[in-house]
Amino acid sequence: MASGQRIRRRDRRGRGVRGPLLPPEAPFALTRAERFDGLVRDEVNRLGRRWGRELAGVEFVVEEVPKVGPRGDVLGFDEPVPLSLTRPSDGRHPLRIVVFRRPIEARAGMGGAGGRGIDERELARLIRDVLVEEVADLLGLSPESVDPSYDSPDD
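The sequence shown lines up with residues 1 to 155 when you count with UniProt numbering.
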């Protein structure tokens, strides 16, 4: 093609150029990961209002899935996939509570092939319960004393 020539795009049937249905700033344009991060952030802020002093040195982190150790022995065939874990301080990083997005989404019914749609309330409840359990374990308290709205898995 010679320089100076324009590329013409066809506008069939008068529909015009197609583009995104929603602007990127719209809340519906958030990815699953961004929505998940927002739910975790909301729950950490809620817990921080009550336990801020005790959680001041704790960092909350979201990771996709649990990492397998160098020998591949972290997750065995008969072991359940962890939803979260607490990593002690190693000198470079503070104590961390790690929440795993994919296993929590799968448990909340967002696994994809299961046919169920996104259940935001169930996802938010599960994130709340997972974080409450981790904070309770860290503080040496029962989950019910950390958050009276905690849903015991035994119920």
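Cβ atoms here follow ideal geometry from the backbone N, Cα and C, with glycine treated the same way.
Predicted model, so just to flag it, every value in this text is computed and none were measured.
The bridge partners DSSP lists for Ile97 are Phe60 and Thr86. Counting of Cβ neighbours within 10 angstroms places Glu133 among the buried residues, the total reaching 16 or more. With contact defined as three or more Cβ pairs closer than 8 Å, the stretch 49 to 56 and the stretch 30 to 37 are not in contact. Between Val62 and Asp37 a beta carbon distance of about 6 Å is seen, short of the 8 Å cut, so the two are scored as contacting. In the DSSP assignment, Gly38 falls within the alpha helix (DSSP H) that extends over Arg32 to Trp51. Contact between Asp151 and Arg121 is absent: CB atoms are separated by about 12 Å, not below the 8 Å threshold. Taking the C-beta atoms as reference points, Leu39 is found no nearer than 7 Å to Ile104. Rounded to the nearest whole angstrom, the CA to CA distance from Arg96 to Glu79 is 22 Å.
For Pro66, no alpha helix (DSSP H) encloses it, and the DSSP letter there is neither H nor E.
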